[in-house]
Amino acid sequence: MINFRKITEENFDEIIRMKRPDEEHYVASNAYSLAQAWLYREANDVYPFAIYNDDTAVGFMMLDEDLEERCLVLWRVMFPEENTGKGYGTEAIQQIVQPAKESGKYDFMILDYDPNNKRAKYVYEKIGFYDTGEVENGENIMRFDF
């Protein structure tokens with residue numbers, strides 16, 4: 000069962016070592032993502048965490064909360080190759096979408112993805128995200144309305 004955990008001393012190295020194949024540059028490294036979370040720590044609106052399947056770390060996710068816009072941003076999602084195609088991403092994102100919707104704090108969620116990453120697009124569309132037609136920094140923007 001998918002669950003989320005804080006990045007701690009105990010799981011830090013394992014999360015940092017997770018990588019995509021060199022030919023797939025769809026997402027920033029977990030080390031870079033954690034550095035960004037640290038950089039924006041004073042805003043108290045960036046949430047990095049490890050994704051576990053039971054007690055095994057299988058991925059990484061980072062959220063960014065924009066309360067003024069009433070929006071939750073799915074900023075990063077990364078699963079190493081050995082953990083793709085197992086449904087972990089779909090389940091993890093669904094576990095974020097439902098409580099975000101029920102919280103009443105947000106009107107929508109957004110994310111961006113590399114247009115060459117067909118696997119990610121398929122997962123996001125399956126969950127209910129739709130392409131807005133916007134492109135930012137070469138990445139397509141998707142939205143999920145609550």
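Sequential numbering from 0 applies to the sequence shown in numbering that gives the first Met the number 0.
Each residue gets a CB set at the ideal place from its N, CA and C atoms; glycine is no exception.
Residue i vs residue j beta-carbon contact at 8 Å
i: isoleucine 95; j: leucine 62; result: yes
i: valine 57; j: tyrosine 87; result: yes
i: arginine 16; j: tyrosine 51; result: no
i: alanine 42; j: isoleucine 14; result: no
Counted within 10 angstroms of its Cβ, other Cβ atoms place residue i as buried (16 or more) or exposed
i: threonine 37; result: The question names threonine, but residue 37 is tryptophan in the sequence shown. Tryptophan 37 should be labelled exposed.
i: tyrosine 112; result: buried
i: valine 134; result: exposed
i: alanine 119; result: buried
i: asparagine 2; result: exposed
As assigned by DSSP and simplified to three states, the class of residue i
i: leucine 66; result: coil
i: valine 26; result: coil
i: proline 114; result: coil
i: glycine 58; result: strand
For residue i, the residue or residues it bridges with in DSSP
i: methionine 0; result: In DSSP, methionine 0 forms no bridge with anything.
i: valine 134; result: Asn139
i: arginine 75; result: Met61
Best match in the options for proximity to residue i [C-alpha to C-alpha]
i: asparagine 136; options: Leu110, Asn43, Thr55 and Glu9; result: Leu110
i: methionine 108; options: Asn115, Glu90, Glu64 and Gly84; result: Glu64
i: methionine 60; options: Gln97, Leu33, Glu8 and Asp130; result: Leu33
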